[in-house]
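Asks: Dropping a structure here in C-alpha cells format, bear with me for questions.
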Amino acid sequence: MLLILATLVGFVGYIALDLFAHWRLKQAGDLEKFEHELTHLPVAPPAVLERMLPFERAQHLVLLVSFFVLALTGLVLLFPDTLFGAIVVTLCGGPVGRAIVHRVAAVVMLVNFAIQIIWMATSKQIGRA
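Heads up: the sequence shown runs through residues 809 to 937, numbered per the numbering used here.
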C-alpha cells in the first residue's frame, strides 16, 4: 500500500513541479525565450523521435488506466469512512460495483501484461534504437 501511495504522490508531485517551473518561467518573462531557443535545435528524423509504435502506446495507456482504477478502488478498502471512499463507491454504483470495477481492472491489467510478454517474445521491434 505504501508503494502505491508513493507512486501516486510521486506522479502528482512530478506534474506539480513541472507546472510550477512552467509558471515561474512565464512570470519571469523567460517562457518565450525558452521556447524560442527550442526552435533552433536540430530536427531529428521522425524515426528517431518515435519511441513507441502505436500498439505499444495503446498498451501503456491501458496499463496506466487500469493501474489507477485498481489503486483508487483498492484504496477505498483502507479508507472506507472518508469522503474519498464514499465518492469512489458512489461512482462505482455501491460496494458491489466497486468490487466488480476493481476485479475488471485487475483482469484488464493481467491480460495487458500477457499481451506485452507475447509482444516482446515475438516482435522484431525490441532492441530498435
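Idealized CB from N, CA, C, for every residue including glycine.
Can you check whether the C-beta of H910 is within less than 8 Å of a C-beta belonging to chain C?
Replies: Given the protein chain composition of this structure (a single chain), no chain C is represented.
Asks: Looking only at its chain, what residues have a beta carbon closer than 7 Å to the beta carbon of K932, apart from the 5 residues adjacent to it on each side?
Replies: Nothing listed; no residue qualifies.
Asks: With the cut-off set at 8 Å, would you say V877 and V909 are in Cβ contact?
Replies: Yes, these two residues count as a Cβ contact at 8 Å.
Asks: Assuming A929 and T881 are in contact, meaning their beta carbons sit under 8 Å apart, how far apart are those beta carbons, in whole angstroms?
Replies: So it is not a contact: roughly 31 Å between Cβ atoms.
Asks: Please give the ranges of any alpha helix (DSSP H) in the region 890–916, keeping only runs that are unbroken, at least 4 residues long and fully inside the region.
Replies: List check, alpha helix (DSSP H) in window: 891–900.
Asks: Just reading off the alpha helix (DSSP H) that K834 is part of, what are its end residues?
Replies: First-last of the alpha helix (DSSP H) with K834: 810–835.
Asks: What residues in its chain sit with their C-beta under 7 Å from that of S874, if we drop five residues either side in the sequence?
Replies: Answer for S874: A913, V916, M917, N920, listed in chain order.
Asks: Using the Cβ count rule (16 or more neighbours within 10 Å means buried), how would you classify A937?
Replies: Because the pLDDT of A937 is 44, which lies under 50, any placement of that residue in the model is unreliable, and the question is left without a value.
Asks: Using 10 angstroms around the beta-carbon of R911, count the other beta-carbons present and answer buried if the total reaches 16, otherwise exposed.
Replies: Exposed, since its Cβ has fewer than 16 Cβ neighbours within 10 Å.
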